[in-house]
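K.L.:
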Amino acid sequence: MKQEKAGYLFAPMNIMKTKLVLGTRGSDLALTQARYVRGRLLDAGAAEVEIRIITTRGDANTTLPFEKMQGQGFFTKEIEQLLLTNEIDLAVHSHKDLETTLPDGLTIAAIPHRVNRRDLLLIAPDGFATDRLLLLKPGASVGTSSVRRIAQLLFLRPDLQITTLRGNVPTRIDKLRAGEYDAIMLAAAGVERLGLSLDGLHQLELDERTFLPAPAQGALAVETRAADDQTNTIVGRIDDPTLHGEVWAEREVLRRLGGGCQLPLGVHGTVDSFGHRLSVFLGRRDGENWLTPRRVTTFGENAENAVAAAVNVLTDSNGRTGLAGKTIVLTRKLEQAGELSAQIEKESGTLICYPTLRAIAGGDPGEIVKQLTGPENPAWVLFTSGNGVEYFAKILADAGLTVEEKIKLGVIGHGTAAVCRELLGRSADFVPQVSTGEGFSAEFSKRYPQVEGPILVPTAKERGGALENQLREAGYTVHAVVVYQTVPTEQADLPEWDGRADAIIFTSPKAAQFFLNTRTLPKETKVISIGPSTTRHLVSQKIDPVYEAIDHDRTGILEVLHVLYS
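Per our numbering, the sequence shown runs over residues -1 to 564.
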């Protein structure tokens, strides 16, 4: 047996076969994928491609849950056997169905395409609740046979009732319509490829950065015989090398953890000019009881570094003593540490707050008063940070104003939501699944396509305004008003610190910049980032690896600390 390799096969051009025989399962989705690959191969110069339908063990048994079926390769083994005996020339799979270690003699010659990798919740009208996480009513029954989905659903909503769901995609949707479930979970890619009608059902695509998909979900794999130079030559023409490397990293995490489809593992990998990002969810259970999962995002200069960092914190925890005796440095003031400070102290760790930046008032307070008392009141006030809430609240207090109930509040992150409750006495009306400007604008525009009035964004002087521009591009009227600015903290105002730390937490790109400009990062210190923009800055400074919070707030940071040390 051999492992998958990043990259694809090149072979000298020989006389091409007159016909390629492509093996596939017979489901609607599998045939749609096979026809797509056949079309790509014909465009790439194949003379003829014949599709041959093959029944697999997973197709033959449509009732038993996957986790109770023995062995692996439920949807692939029979197809691979025909490849090995030369009865077919290539096979097309949903890449997530393949075992991570291929049979000797076989290889992945191409990963030509990846569609939407998100999970999709289809919700019957009686199961829908607008005010609940995942939009599911309390105690809703959800159909799925994926242990990965079960683990994440119960992590987010422990009250849900999970019920086994098997069958092809149309059959599963029919069962939902028949009232057997309040909701079902499917891969969004499969539903999109089949073009099925979902009339009458509520649809919620779960952001892949927080509800993590299966390794290689949404990607196609073209499997061939490694020694078949003629087939590999033409199949190699439809490979996407960047995508191949991205999927390799996701599958390599799965391989190193020794799992198959019975492992409750979600992985989301991306590649950009800074390097490789891997977000990983690993469910854990004791018998039938689910334990707290391990979730973390790692960022490395290359795929191997990101994979190694992720696997290292997900595997054996023997010898970890928790936060006791650990020194954690946070680049924020103590007042902004919140429950992070209390929990570290509770676990006998030491938190050093080393705020490289401080916020001061900025902008024209009168502009905020004008926006709130003028003829066109805002429909929404959106906050991107706790500092924004704090200085907005000060302006209101000085002017003797309050936020009218009809004005809705949106925030990026649960930490900012907590500051809203504390300083404005209001709960946020909208907190996105993903605590970034991009995540906010994408979800907000779907949830609230029509807004009666302008959107007010109290902001920092030095912010780039990406969120505001994204909302304007989506058709909203946005007024960004500066209420504060950040400046370097005077050295004399920083606490004494001998420079030693087990972990340093960076909370913004600017905080990281000022820290690295004035101090040397201690060796063997783990670097934790609150979010993607901060991570990119750290990686640009040649820090590798970086551990990033999946939830970009104080709770997410605490989760990373527990993954690293507990």
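From the three backbone atoms N, C-alpha and C, an ideal C-beta is built for every residue, glycine too.
For clarity, every value in this text was computed on a predicted model and none was experimentally measured.
What is the rounded straight-line gap between the Cα of residue 93 and the Cα of residue 50?
P.N.:
Using only the alpha carbons, I get a separation of about 18 Å.
K.L.:
Return the residue from the list 73, 126, 125, 39 that minimises the CA-CA distance to residue 87.
P.N.:
Among 73, 126, 125, 39, the Cα nearest to that of residue 87 belongs to 39.
K.L.:
For the alpha helix (DSSP H) that contains residue 390, what are its first and last residues?
P.N.:
Unbroken alpha helix (DSSP H) run through residue 390: 384 to 397.
K.L.:
Sort out for me which residues DSSP pairs residue 351 with in a bridge.
P.N.:
For residue 351, which the question treats as bridged, DSSP gives the partners 328.
K.L.:
Go through its chain and collect everything with a Cβ distance to residue 367's Cβ below 8 Å, but skip five positions before and after it.
P.N.:
Counting only Cβ-Cβ distances below 8 Å, and skipping sequence neighbours, we find 393, 397, 399.
K.L.:
For residue 160 versus residue 148, is the C-beta distance shorter than 7 Å?
P.N.:
Cβ distance < 7 Å, so residue 160 and residue 148 count as in contact.
K.L.:
Sorted by chain position, which residues of the same chain lie with C-beta nearer than 7 Å to residue 17's C-beta, five sequence neighbours on each side aside?
P.N.:
Excluding residues within five positions, the ones whose Cβ falls inside 7 Å are 45, 46, 48.
K.L.:
What beta strand (DSSP E) runs, 3 residues minimum, are completely inside the segment 153 to 206?
P.N.:
DSSP runs (the beta strand (DSSP E)) wholly in the segment 153 to 206: 159 to 161, 181 to 185, 200 to 204.
K.L.:
Rounded to whole angstroms, what is the Cα-Cα separation between residue 492 and residue 288?
P.N.:
About 43 Å.
K.L.:
Bridge partners for residue 458 per DSSP, in chain order?
P.N.:
Paired residue(s): 482.
K.L.:
Since residue 214 and residue 118 should fall inside the 8 Å C-beta cutoff, what is the C-beta to C-beta distance between them, to a whole number of angstroms?
P.N.:
Going by Cβ atoms, the distance from residue 214 to residue 118 rounds to 17 Å, so no, they are not a contact pair.
K.L.:
Are the beta-carbon atoms belonging to residue 307 and residue 319 less than 7 Å from one another?
P.N.:
No, the Cβ-Cβ distance between residue 307 and residue 319 is not below 7 Å.
K.L.:
Any idea what DSSP makes of residue 551, helix, strand or coil?
P.N.:
If DSSP states are grouped into helix, strand and coil, residue 551 belongs with coil.
K.L.:
Using the C-alpha atoms, what's the distance from residue 350 back to residue 324?
P.N.:
Each residue's Cα considered, the two are about 11 Å apart.
K.L.:
Go to residue 273, then tell me how far its alpha helix (DSSP H) extends in each direction, as first and last residue.
P.N.:
No alpha helix (DSSP H) contains residue 273, which is instead part of the beta strand (DSSP E) from 273 to 284.
K.L.:
Within 8 Å, do at least three Cβ pairs link the segment 24 to 31 to the segment 225 to 236?
P.N.:
Cβ pair count under 8 Å is below three, so no.
K.L.:
Could you have a look at residue 338 and say whether DSSP puts it in helix, strand or coil?
P.N.:
The answer is helix: DSSP assigns residue 338 an H, G or I state.
K.L.:
If I measure Cβ to Cβ from residue 298 and keep anything under 7 Å in the same chain, skipping five residues before and after, which residues do I get?
P.N.:
Contacts found: 273, 274, 304, 307, 542, 543.
K.L.:
What are the residues that DSSP puts in a beta bridge with residue 564?
P.N.:
For residue 564, which the question treats as bridged, DSSP gives no partner whatsoever.
K.L.:
List the DSSP bridge partners of residue 270.
P.N.:
DSSP lists 273 as partners of residue 270.
K.L.:
Return the Cβ separation of residue 131 and residue 221 in integer angstroms, given the expectation that the two are a contact with Cβ distance under 8 Å.
P.N.:
Between residue 221 and residue 131 the Cβ distance is about 39 Å, and since that is not below 8 Å, they are no contact.
K.L.:
Just verifying my parser: in three-state terms, what is the DSSP assignment at residue 222?
P.N.:
Strand, per DSSP.
K.L.:
Is DSSP giving residue 111 helix, strand or coil here?
P.N.:
Coil, per DSSP.
K.L.:
If you follow the beta strand (DSSP E) that residue 545 is part of, which residue opens it and which one closes it?
P.N.:
544 to 546 is the span of the beta strand (DSSP E), which, as asked, contains residue 545.
K.L.:
Within the continuous beta strand (DSSP E) that includes residue 139, where are the two ends?
P.N.:
Unbroken beta strand (DSSP E) run through residue 139: 139 to 141.
K.L.:
Grab me the residues of residue 498's own chain with a C-beta within less than 7 Å of its C-beta, minus the 5 sequence neighbours each way, in chain order.
P.N.:
The answer, listed in chain order, is 325, 520.
K.L.:
Touching or not, the segment 339 to 348 and the segment 476 to 492, by the rule of three or more beta carbon pairs under 8 Å?
P.N.:
No contact exists between the segment 339 to 348 and the segment 476 to 492.
K.L.:
Three-state secondary structure (DSSP) at residue 557?
P.N.:
Helix, per DSSP.
K.L.:
Examine the Cβ distances between the segment 277 to 292 and the segment 459 to 466 and report whether three or more of them are shorter than 8 Å.
P.N.:
The segment 277 to 292 is not in contact with the segment 459 to 466.
K.L.:
Which one of 262, 277, 263 has the shortest CA to CA distance from residue 269?
P.N.:
Measuring from the Cα of residue 269, the nearest candidate turns out to be 277.
K.L.:
Pull up the CB-CB distance for residue 142 and residue 253, whole angstroms please, since I reckon it's below 8 Å.
P.N.:
In fact, because the Cβ distance is near 24 Å, the residues do not count as touching under 8 Å.
K.L.:
Pull up the distance between the alpha-carbon of residue 313 and that of residue 262, whole angstroms please.
P.N.:
Roughly 14 Å between the two C-alpha positions.
K.L.:
Just to confirm before moving on: does the CB-CB distance between residue 108 and residue 237 stay below 7 Å?
P.N.:
In this structure, residue 237 lies closer than 7 Å to residue 108 by Cβ.
K.L.:
Give the straight-line distance between the Cα atoms of residue 134 and residue 407, rounded to the nearest whole angstrom.
P.N.:
About 22 Å.
K.L.:
Less than 8 Å between the CB atoms is what I'm expecting for residue 21 and residue 96, so what's the real figure, rounded?
P.N.:
Incorrect: roughly 13 Å between the Cβ atoms, too far for contact.
K.L.:
Is it the case that the segment 533 to 540 contacts the segment 413 to 421, given that we only count it when at least three CB pairs across the two stretches are under 8 Å?
P.N.:
No, they do not touch.
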